[in-house]
Amino acid sequence: MLDKERIPKHIAIVMDGNGRWANNKGLPRLAGHNAGMVAMKEIVKHSSAIGVEYLTVYAFSTENWKRSVDEVNGIFKLLVLYVEKELRELNKNSVRVRILGDYSKLPEEAVKSLEKALKKTDKNIGLQFNIALNYGSRDEMIRAIRLIGEDIRLGLIKPENITEESFSKYLFTGEKFADVPDPELVIRTSGEKRLSNYLLWQSAYSEFVFMETLWPDFTPTEYEKAIEEYQNRNRRFGGRNIT
Ligand code: FPP
36 MLDKERIPKH IAIVMDGNGR WANNKGLPRL AGHNAGMVAM KEIVKHSSAI
86 GVEYLTVYAF STENWKRSVD EVNGIFKLLV LYVEKELREL NKNSVRVRIL
136 GDYSKLPEEA VKSLEKALKK TDKNIGLQFN IALNYGSRDE MIRAIRLIGE
186 DIRLGLIKPE NITEESFSKY LFTGEKFADV PDPELVIRTS GEKRLSNYLL
236 WQSAYSEFVF METLWPDFTP TEYEKAIEEY QNRNRRFGGR NIT
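In short: position in the sequence shown from 1, add 35, done, that's my numbering.
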């Protein structure tokens, strides 16, 4: 049973397996992404319902540009569709949308619709829904180092004063951008056991739950199973048992 008192504050998900799901059914890959979008919608709703405060999904990585133009454009079209269709519902549930990654490189239509979603949900105080788009951890860290370099040049900070905490502020998840705590739980679907350049810094002490389920088949029940597994683990943060 799910312990409602110990729901992780921040859950990050790698939504993997859309392509295989479609392939298994003899459908085009985009049909898999479409089904993935529907699954994502349900997980956002369920996160609000069970009191998750931050949900971060990996929707498009800095490496995903290597896919066919049709697939890439199709994913962004789905994203626009999602925002257009769901914005009202997101607002109704007081969900705040944030983007992790340099989304200015996305097609113009996607940028416009994301900016609308950011603006229209900015005052919401429910679930913070972070969509990682054109996101990669290495890219994020290099960007942070450049921003820090700039602040050093301007005399705003001194190299000797850089700490883990101050470095974190320059990441996409940092207080200057999305202000999210580190995820307690990272879930990856489809049986792959890799992090794939996702939240490398932020997941230093996260629990990982890998599931065989392909993302389009990931239901709220599966989600709760992953959270239960997390609740059964013993987090030590490099120290002794916390009882
Ligand atoms: C991974 O499956 C999934 C993606 C790269 C795209 C994720 C997109 C969605 C869930 C739907 C669209 C929603 C938004 C917000 C853009 P895969 O294609 O790597 O699957 P495979 O490993 O089986 O090929």
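Using N, Cα and C, we set each Cβ at its ideal position, and we do this for glycine too.
Cα-Cα separation between residue i and residue j, rounded to whole angstroms
i	j	result
methionine 75	threonine 254	9 Å
leucine 149	alanine 57	27 Å
arginine 229	tryptophan 236	15 Å
glutamate 40	valine 244	20 Å
arginine 123	leucine 189	42 Å
aspartate 38	tyrosine 258	13 Å
phenylalanine 111	proline 142	8 Å
lysine 260	leucine 182	40 Å
valine 73	proline 251	7 Å
lysine 154	asparagine 126	11 Å
glycine 67	serine 139	25 Å
In DSSP terms, what residue i is bridged to
i	result
tyrosine 89	His45 and Gln163
tyrosine 170	Ser96
phenylalanine 245	Arg223
arginine 131	Gln163
Residue i versus the options, residue with shortest Cα-Cα distance
i	options	result
tyrosine 170	Arg131, Asn99, Lys228 and Lys193	Asn99
alanine 94	Glu259, Ser231, Tyr258 and Leu162	Ser231
asparagine 108	Leu65, Ile160 and Arg133	Leu65
glutamine 233	Tyr240, Glu143, Tyr265 and Val221	Per the sequence shown, residue 233 should be read as tyrosine rather than glutamine. Nearest option by C-alpha distance: Val221.
lysine 44	Lys60, Glu219, Phe164 and Arg133	Glu219
phenylalanine 272	Ile262, Glu247, Ser238 and Thr256	Ser238
Same chain only: Cβ atoms within 7 Å of residue i, ignoring 5 sequence neighbours per side
i	result
proline 63	Ala57
glutamate 227	Asp51
6 Å CB neighbourhood of residue i in its chain, flanking five on each side removed
i	result
leucine 249	Gly52, Arg55, Trp56 and Ser225
isoleucine 85	Ile42
asparagine 128	Ser83 and Gly161
Do the region 130-139 and the region 168-188 meet, that is, are 3 or more Cβ pairs less than 8 Å apart? yes
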